[in-house]
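Numbering (the numbering used here), first residue to last: 25 to 113.
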């Protein structure tokens, strides 16, 4: 992760958490989200949200950046996921 004193915006933090989690998973195949949460002293829910945003950032970074805050970005992602599911019916 980056220097702890550097203030990360919510999307940068999500990407950094994802990098940490993926690295740990590669190093230890039985690594879990719970272990990431414990290592970063965060809740499983907040880690899960970061991982979700980081995965969407790969293809929708501009749209996520326009959201301005994490709450709005999560709403955007959930709306898109809902649209995708409805399109499959």
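Using N, Cα and C, we set each Cβ at its ideal position, and we do this for glycine too.
Length of the line joining the Cα atoms of residue i and residue j
i	j	result
residue 26	residue 111	Because the pLDDT of residue 26 is 49, which lies under 50, any placement of that residue in the model is unreliable, and the number read from its coordinates should be weighed accordingly. Approximately 39 Å, taken between the alpha carbons.
residue 29	residue 36	Annotation note: pLDDT 43 at residue 29 (below 50); position unreliable, coordinate value reported separately. C-alpha separation (whole angstroms): 14 Å.
residue 104	residue 52	32 Å
residue 63	residue 47	13 Å
Secondary structure of residue i, DSSP reduced to three states
i	result
residue 65	coil
residue 52	coil
Other residues of its chain near residue i: CB distance less than 7 Å, five sequence neighbours each side excluded
i	result
residue 39	78 and 81
residue 68	57, 58 and 61
Nearest candidate by alpha-carbon position, reference residue i, set the options
i	options	result
residue 33	106, 91 and 105	91
residue 84	101, 68, 95 and 49	101
Task: Three-pair Cβ contact test at 8 Å for the region 39 to 52 versus the region 68 to 75 - done: Contact between the region 39 to 52 and the region 68 to 75 is present, because at least three Cβ pairs lie under 8 Å.
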